[in-house]
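A quick write-up on the structure given underneath.
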Amino acid sequence: SWTAANIAESLIEQVRAQVGDGRAICGLSGGVDSAVAAALVQRAIGDRLTCVFVDHGLMREGERQQVEKDFVAATGARLVTVDASETFLRELSGVTDPETKRKIIGREFIRSFEGAVAEVLGEGAEKGETVEFLVQGTLYPDVVESGGGSGTANIKSHHNVGGLPEDLQFSLVEPLRLLFKDEVRAVGRQLGLPEEIVGRQPFPGPGLGIRIIGEVTRERLEILRRADSIAREELTSAGLDGQIWQCPVVLLADVRSVGVQGDGRTYGHPIVLRPVSSEDAMTADWTRLPYETLERISTRITNEVAEVNRVVLDVTSKPPGTIEWE
Ligand code: XMP
């Protein structure tokens, strides 16, 4: 029967059988899926798992600190942080096509994991030790929408499915591959992960890189980070987090419109709010947020982020829209 305890137990057994006495690394993104995958594998193989946090520079405000603090505090897992923002931004420069961005980000994640192996093994590397396994928090919907399911089109390449290089040096361990998000959360709670981790709203591995429509640059990331942080703050303080599945905040970096502020003309960028309600992210409806909250978010973003002079609301369900814009 389906209980979180049964599922967790059988997934732990499967991981043990697959990894044997090998070593694994697990990329943490700050999201629920990778945290639960890591916690499962840690149960299965203990310290032969090392978690790797790749700071690709596409994180939201405060994300890195959250992983370094919350996850390690909850699990006691070994964590290595890789600073890769220079490389990611260099590889992304000049790129505007969404699938190309996704593939570059997927590839650079793997390169960063490969680069972290030496640090993970320490002196063991000289004794010929290796890391054979890479743990990923891939869920069933990620597989389906990346064209991995039978008879489905490739809608978009999720970074940990469609963007993997062909010469991957790791075997993949994907214990959550048949689960939906609510099941993953139940397993996470079963494993004793705190609510701040399992209750988090989804955030995509490619981060803000797929929420800047146009080329990704440091300056644009900074604009989006400020707008996103205001939107999140207002949604939380209005007590709305429980009602929304997630709320991407998107910067239309190549679009400008004319505005007026004080006595002057402005020529700034629009920010899109994309609040959605969903059960499993396969379908979604736009969330009817209270006007007062929308107004507060709009007023604050246009006042506090000089480059933004317009805030618009996405009122499209999925389908036909996807949740993320890229
Ligand atoms: P879409 O945009 O396809 O998103 O409707 C469905 C859900 O998946 C998240 N998402 C991703 N998560 N890597 C991830 O870890 C990805 O490449 C990725 N792309 C989309 C998205 O935030 C939503 O929750």
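If you number the sequence shown the way the UniProt record's numbering does, the last residue is 523 and the count never jumps. Backbone N, C-alpha and C fix where the C-beta goes; we use that ideal spot for every residue, glycine too.
Local conformation of residue i per DSSP, three classes
i: D451; result: coil
i: L336; result: coil
i: K300; result: helix
i: E324; result: Note on residue identity: the sequence assigns Lys, not Glu, to residue 324. Coil at K324, not helix or strand.
i: F367; result: coil
i: Q398; result: coil
i: L208; result: helix
i: R485; result: coil
i: A435; result: coil
i: G224; result: strand
i: D252; result: strand
i: L421; result: helix
i: S343; result: coil
i: G291; result: coil
i: K353; result: coil
i: L331; result: strand
i: I410; result: strand
Extent of the continuous alpha helix (DSSP H) to which residue i belongs
i: V381; result: 378-387
i: N500; result: 488-501
i: L237; result: 229-242
i: E260; result: 260-263
heavy atom of ligand 1 below 6 Å from residue i C-beta
i: I520; result: yes
i: A232; result: no
i: P403; result: yes
i: A478; result: yes
i: E342; result: yes
i: H466; result: no
i: H355; result: yes
i: P362; result: no
i: P295; result: no
i: P517; result: no
i: P472; result: no
Close Cβ partners of residue i (< 6 Å) along its chain, the five nearest in sequence each way excluded
i: Q443; result: Q398, P399
i: S290; result: none
i: V314; result: V328
i: S226; result: G402
Host beta strand (DSSP E) of residue i (start-end)
i: T278; result: 275-280
i: R507; result: 505-510
DSSP bridge partner residues for residue i (one or two, in chain order)
i: T247; result: I222, R275
i: I468; result: L448, V508
i: S474; result: D482
i: R462; result: V457
i: F310; result: The partner list for F310 (beta bridge, DSSP) is empty, contrary to what the question assumes.
i: K515; result: A481
i: Q443; result: V473
Cβ neighbours of residue i in the same chain (closer than 7 Å, five flanking residues each side left out)
i: Q239; result: L246, T272, A274
i: T335; result: N357, V358, E371, L373, R374
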